[in-house]
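Contents: one structure, followed by commentary.
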Amino acid sequence: MRAAPQALARSPAAASPTLALVKALAARASVTPADAGCQDLLADRLLASGFVAERFDRNGVCNLWLRRGTRRPTFVFAGHTDVVPPGPAERWQSDPFVPVEREGFLVGRGVADMKTSVAAFVVAAEEFVAQNPGHGGSIAMLLTSDEEGPAVDGTVAVVEALAARSESIDFCLVGEPTCVQRLGDTIKCGRRGSLSAHLVVHGRQGHVAYPHLARNPIHDVAPALAELTTTEWDVGNADFPPTSCQVSNIHAGTGAGNVIPGRCEVDFNLRFAPVSSPEALRTRVEAILRAHRLEFELQWTLGARPFQCAAGPLVEVLSASIEQVLGVQPVRSTTGGTSDGRFLATICPQVVEFGPPNATVHMVDERVCIADIDPLKEVYRHLLAAVLVA
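Residue numbers for the sequence shown follow this note's numbering, so the first one is 7 and each next one is one higher.
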């Protein structure tokens, strides 16, 4: 892997093929798990550049694997074509699936998360192949329509298929929107684990005027929740913040104001660093609940185990590409929610994430700065050149 090359001159945004592709993708209402033809559009484009396409669709989810070359190293761009629902259309200044340019931004559902990244790495690959038709190694792309949904039939299905035939991945970049204040300021080198719990606390229903004849599960669980949310689970490490516990939902009551409820349901989540295991966290949580003498049921869901990009050249070369193209030295972070990087990390030793600013993802009037679109493509193209040109 060599140092990233100098940037090429960029075309004006008005003539940008990347901007045109972002608009074409954002005009498709691919609300998860729908793909709305996005992947077919991309496959048709990349076939002309020598990519071979395979489908790994499962249970109504669209999964596309595109590859050019058979040699190693294999560099993969990974992303998703599905988007979250736009919410009430009347709250948007314009139709969420008619992308519009407004005050220097492109506005539309999915433009930041993550159709700009997808368009940027497709055009970057096209340009790189045109300039380097005999490049070393292989370029691949993995696209799914199940990242914003349950994520059980998407990237994980492709990873399972690749693992079954011993197909290796050496480097992977996931195009998640990672930046905070400006393009280039943050790359993700790992993600925390996610452990969710659904807690049911049983009490005894009764009249609020006769509390001695009832047992209020809300009162019972409140001190336990206070302890769960203030406990120091760990102190994290140099790369990960400490594990945290957040309560997301509490449900109780019959709807009447004079009835003590007979049960209370609570949802909470622990985002955990690699220094804590999900097994140890479950044991500690259950011990706290028992110490508060609760009558309870507890259902656990392990949404993700933590992962971290192993020390190696990918992070360094990505950082160098960002500095050369954008003049920004990126911060390396592991914060934020889960991503499909957690699945790819099981078969790829080096997985990083880099994409546009994430300030408006999932919001009304989601947007991306038009001036960021071609520079993002250039970073991706530089990265390909650094990895695959001897």
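C-beta atoms are modelled at their ideal positions from N, C-alpha and C, and glycine is treated no differently.
The model shown is predicted, which means the values in this text are computed figures rather than measured ones.
Inset, instruction - Kindly indicate which three-state DSSP category THR161 falls into: helix, strand or coil? - result: Here the question's residue 161 lines up with position 155 in the sequence shown. THR161: helix per DSSP, three-state reduction.
Legend entry - Simplified DSSP state of PHE349, which is helix, strand or coil: On the sequence shown, residue 349 is found 343 positions in, with the first residue counted as 1. Helix.
Inset, instruction - Rank GLU271, ALA258, PRO267 and PRO247 by C-alpha distance to the C-alpha of ALA220 and give the top, closest one. - result: Your numbering for residue 220 matches position 214 in the sequence shown. Out of GLU271, ALA258, PRO267 and PRO247, PRO267 has the C-alpha closest to the C-alpha of ALA220.
Legend entry - Residue burial classification, GLY75 (beta-carbon count within 10 angstroms, cutoff 16): Residue numbering aside, residue 75 sits at position 69 when the sequence shown is read from its first letter. Buried: at least 16 other Cβ atoms inside 10 Å.
Inset, instruction - Report yes if the C-beta distance between VAL253 and THR150 is below 8 Å; otherwise report no. - result: For the purposes of this step, residue 253 is taken as residue 247 along the sequence shown, with counting starting at 1. For the purposes of this step, residue 150 is taken as residue 144 along the sequence shown, with counting starting at 1. Contact: no.
Legend entry - Between the CA atoms of VAL207 and GLU271 - distance to the nearest angstrom: The residue given as residue 271 occupies position 265 in the sequence shown. The residue given as residue 207 occupies position 201 in the sequence shown. Distance between the alpha carbons of GLU271 and VAL207: 6 Å.
Inset, instruction - Please classify ASP50: is it buried, with 16 or more other beta-carbons within 10 angstroms of its beta-carbon, or exposed? - result: The residue given as residue 50 occupies position 44 in the sequence shown. ASP50 comes out exposed.
Legend entry - Member of ASN275, ALA377 and GLY263 whose CA lies at the smallest distance from the CA of GLY110: Taking the sequence shown and counting its residues from 1, one reaches residue 110 at position 104. For GLY110, the closest alpha carbon among the candidates ASN275, ALA377 and GLY263 is that of ALA377.
Inset, instruction - Return the CA-CA distance between ARG338 and HIS298, expressed in angstroms with no decimal places. - result: To locate residue 338, count along the sequence shown from 1; it is residue 332. To locate residue 298, count along the sequence shown from 1; it is residue 292. Each residue's Cα considered, the two are about 40 Å apart.
Legend entry - Continuous alpha helix (DSSP H) stretch holding VAL227: start and end: If you number the sequence shown from 1, residue 227 lands on position 221. First-last of the alpha helix (DSSP H) with VAL227: 223–236.
Legend entry - For LEU300, the first and last residue of its enclosing alpha helix (DSSP H): Residue numbering aside, residue 300 sits at position 294 when the sequence shown is read from its first letter. Element bounds for LEU300: n/a, residue is neither H nor E.
Legend entry - Whole-angstrom distance between LEU25 and GLY190, CA atom to CA atom: Position 184 of the sequence shown, counted from the start, is the residue given in the question as residue 190. Position 19 of the sequence shown, counted from the start, is the residue given in the question as residue 25. Each residue's Cα considered, the two are about 18 Å apart.
Inset, instruction - Please report how far the alpha carbon of VAL393 lies from the alpha carbon of SER36, in whole angstroms. - result: The residue labelled residue 393 in the question sits at position 387 within the sequence shown. The residue labelled residue 36 in the question sits at position 30 within the sequence shown. When rounded, the distance between both Cα atoms is 32 Å.
Legend entry - Complete runs of the alpha helix (DSSP H) confined to the stretch 317–348 [at least 4 residues]: Correct list: 319–332.
Legend entry - When VAL180, SER144 and CYS195 are compared against GLU4, the one with the closest alpha-carbon: For the chain, the structure presents residues 7 to 396; residue 4 sits outside this window and is missing.
Inset, instruction - From the DSSP output, in three-state form, read off VAL124 for me. - result: Position 118 of the sequence shown holds residue 124. The three-state secondary structure of VAL124, taken from DSSP, is helix.
Inset, instruction - Tell me whether the beta-carbon of PRO362 lies closer than 8 Å to the beta-carbon of LEU382. - result: Numbered from 1 along the sequence shown, position 356 holds the residue referred to as residue 362. Numbered from 1 along the sequence shown, position 376 holds the residue referred to as residue 382. Yes, these two residues count as a Cβ contact at 8 Å.
Inset, instruction - Would you mind giving the Cβ-Cβ distance between GLY196 and PRO312, rounded to the nearest angstrom? I have them listed as a contact below 8 Å. - result: Working through the sequence shown from its first residue, we reach residue 196 at position 190. Working through the sequence shown from its first residue, we reach residue 312 at position 306. At roughly 7 Å, the Cβ-Cβ gap stays under 8 Å, so GLY196 and PRO312 are in contact.
Inset, instruction - List in chain order: all unbroken alpha helix (DSSP H) runs of 4+ residues lying wholly within the stretch 23–83. - result: 23–32 and 44–53
Legend entry - Rounded C-alpha distance that separates ALA258 from PHE278: One-based indexing of the sequence shown puts residue 258 at position 252. One-based indexing of the sequence shown puts residue 278 at position 272. Approximately 28 Å, taken between the alpha carbons.
Legend entry - Entirely enclosed beta strand (DSSP E) segments - the stretch 172–232, minimum 3 residues: 177–180, 192–194 and 199–208
Legend entry - Local conformation of ALA377 per DSSP, three classes: Locating residue 377 in the sequence shown gives position 371, counting from the first residue. Looking at ALA377 - three-state DSSP - the assignment turns out to be helix.
Legend entry - Own chain, CB closer than 6 Å to ASN264, minus 5 neighbours either side, in chain order: In the sequence shown, counting from the first residue as 1, residue 264 sits at position 258. These residues qualify, in order along the chain: VAL214.
Legend entry - ASP380 and SER22 closer than 8 Å at C-beta: As a working note, residue 380 is residue 374 in the sequence shown. As a working note, residue 22 is residue 16 in the sequence shown. A contact, by the Cβ cut-off of 8 Å.
Inset, instruction - Keeping to the same chain, check which residues put their C-beta closer than 7 Å to that of GLN45; ignore five residues upstream and five downstream. - result: The residue given as residue 45 occupies position 39 in the sequence shown. Excluding the 5 residues flanking it on each side, GLN45 has same chain C-beta neighbours closer than 7 Å at CYS68, LEU70, THR87 and LEU149, in chain order.
Inset, instruction - Determine the contact status of VAL82 and ILE175, defining contact as a CB-CB distance below 8 Å. - result: For the purposes of this step, residue 82 is taken as the residue at position 76 of the sequence shown. For the purposes of this step, residue 175 is taken as the residue at position 169 of the sequence shown. Contact flag set, yes.
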